[in-house]
Structure formats: structure tokens, C-alpha cells
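A quick write-up on the structure given underneath.
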Amino acid sequence: MWTVEKINELIKDVPDFPKPGIVFKDITPVLENHEAFVSVARQFVNSLPEGVEKIVAMESRGFIFGAAVCQHIDAGLVLVRKPGKLPREVINHSYQLEYGTDTLEIHKDAIKPGEKVVILDDVLATGGTAAATKKLVEDLGGEIIGYEFLMEIEFLKGREKLPGVPVKALIQI
19 MWTVEKINEL IKDVPDFPKP GIVFKDITPV LENHEAFVSV ARQFVNSLPE
69 GVEKIVAMES RGFIFGAAVC QHIDAGLVLV RKPGKLPREV INHSYQLEYG
119 TDTLEIHKDA IKPGEKVVIL DDVLATGGTA AATKKLVEDL GGEIIGYEFL
169 MEIEFLKGRE KLPGVPVKAL IQI
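As C-alpha cells, this is what we get:
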């Protein structure tokens, strides 16, 4: 299994993307390396809390990790997307992110009341996307039992928007 340090070496900084002043963390080299990608998925699986019934993953890189994790556990994958991308009835929530505003949607029937949910994504930055996803899950009656991220950009203090539930990141920068 790859170490966290070795996986972190694959992640590339892309300055001024998508806007000037933002340093984008490009995780595609992790996906391009079979051993690294498999290792990340295994590390996610090994750190999940007991009893998870649904993995909720955000567009779009969260989908990749969420699907990789769900094939190894007894849980379904729920997709959270930008407006107009889901084909059935949805609920939505708008929020601030580090470079503007956005809206997320989830199928209205994706989570049953009381289902135990882990929210999974590639990067925890300011916490806006994760907090918006939390709101969607809670609006459907889901119980969030954890958050999992490939990396956390600590100085942005995103975990402060996710109180009361364990937040785990494989890499902290």
C-alpha cells in the first residue's frame, strides 16, 4: 500500500485555476497511477465508521473515489451534482465557495430517513461544498456519521463548518 507521503507527491499544484489567486490541487495524477488509486480507495474503506449505509459523493472527483469505495463495502453511492444534471425530482441548496457561489442538488429519494451516511470528496478546503452536502443529506433525514477526504487544506479551516461528526483526511496540507 502506498504511504500518504508518496500519494501526496503525486498531487500537483496548479496556480491561478480556476481563478487568479487560487491554487488548485490536481489529484488526476493519483487517478492515473493504478497502485496509488487502489491504495487511496483501500485507505478510505479502512477508515470508514461502522454501519455506513450510503456514501454521498460530490461532483465530480468525489464520484470517482465514492464508486471505488462502494464496490468494497455494503453501501450505496449517492451523487450530489450541479443543477440540471440529475434526471429525477431533486432538492437543492446554494452556498458560497472559495471562488464564487454554487448550487448542489440530490435526488429527493436518494436517502431514506435514518440512513447512516458518510460524505466523501477529494478536497476539504473552505468546507462550503461539504456543508451544503450536509444540509441536503439532513433535509432528506439522513444521519451523517462521518466525512472522508483525500486531502484537507488546513489553513482554510473547512472542518469548522462540519461540527459534531468525525472529519478524516488522508493528507493534511
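One point on numbering: in the working numbering, the residue at position 151 of the sequence shown is 169, and numbering is uninterrupted. Each residue gets a CB set at the ideal place from its N, CA and C atoms; glycine is no exception. Because the structure is a prediction, the values reported are computed rather than measured.
Span of the beta strand (DSSP E) around residue i
| i | result |
| --- | --- |
| residue 162 | 161-170 |
| residue 186 | 185-190 |
| residue 35 | Where residue 35 is concerned, there is no enclosing beta strand (DSSP E), given that its DSSP letter is neither H nor E. |
| residue 42 | 41-44 |
Cα-Cα separation, residue i to residue j
| i | j | result |
| --- | --- | --- |
| residue 62 | residue 55 | 11 Å |
| residue 160 | residue 153 | 10 Å |
| residue 186 | residue 137 | 10 Å |
| residue 41 | residue 30 | 10 Å |
| residue 65 | residue 103 | 30 Å |
| residue 148 | residue 23 | 24 Å |
| residue 170 | residue 144 | 9 Å |
| residue 20 | residue 50 | 14 Å |
| residue 164 | residue 39 | 31 Å |
| residue 123 | residue 112 | 9 Å |
| residue 179 | residue 53 | 33 Å |
| residue 120 | residue 67 | 29 Å |
| residue 183 | residue 172 | 17 Å |
| residue 88 | residue 188 | 18 Å |
| residue 174 | residue 84 | 24 Å |
Contacts around residue i, its chain only, beta-carbon distance under 7 Å, and the 5 residues preceding and following it disregarded
| i | result |
| --- | --- |
| residue 114 | 146 |
| residue 93 | 70, 71, 72 and 73 |
| residue 45 | 29, 79, 140 and 168 |
| residue 48 | 25, 28, 29, 54, 55 and 58 |
| residue 151 | 74, 76, 98, 122 and 137 |
Residues bridged to residue i (per DSSP)
| i | result |
| --- | --- |
| residue 110 | 123 |
| residue 74 | 96 and 137 |
| residue 142 | 170 |
Close-in-space but distant-in-sequence residues of the same chain around residue i (CB under 8 Å, 5 per side omitted)
| i | result |
| --- | --- |
| residue 80 | 98, 138, 139 and 140 |
| residue 106 | 125, 126 and 127 |
| residue 109 | 123, 124, 126, 154, 157 and 158 |
| residue 129 | 72, 74, 96, 135, 155, 158, 159 and 160 |
| residue 132 | 159, 160 and 161 |
Beta-carbon contacts of residue i that lie in its chain and below 6 Å, excluding the five residues immediately before and after
| i | result |
| --- | --- |
| residue 176 | 142, 143, 144 and 145 |
| residue 190 | 170 and 172 |
| residue 86 | 59 |
Segment limits, alpha helix (DSSP H) that includes residue i
| i | result |
| --- | --- |
| residue 177 | Element bounds for residue 177: n/a, residue is neither H nor E. |
| residue 81 | 79-88 |
| residue 26 | 22-28 |
| residue 59 | 52-65 |
Residue i Cβ short of 7 Å to the ligand HEM heavy atom set
| i | result |
| --- | --- |
| residue 132 | Summarising the ligand content, the structure contains no ligands, and the ligand HEM is consequently not present. |
Segment contact flag, the region 70-87 with the region 97-107, C-beta cutoff 8 Å, min 3 pairs | In short, these stretches touch, since the Cβ pair count reaches three.
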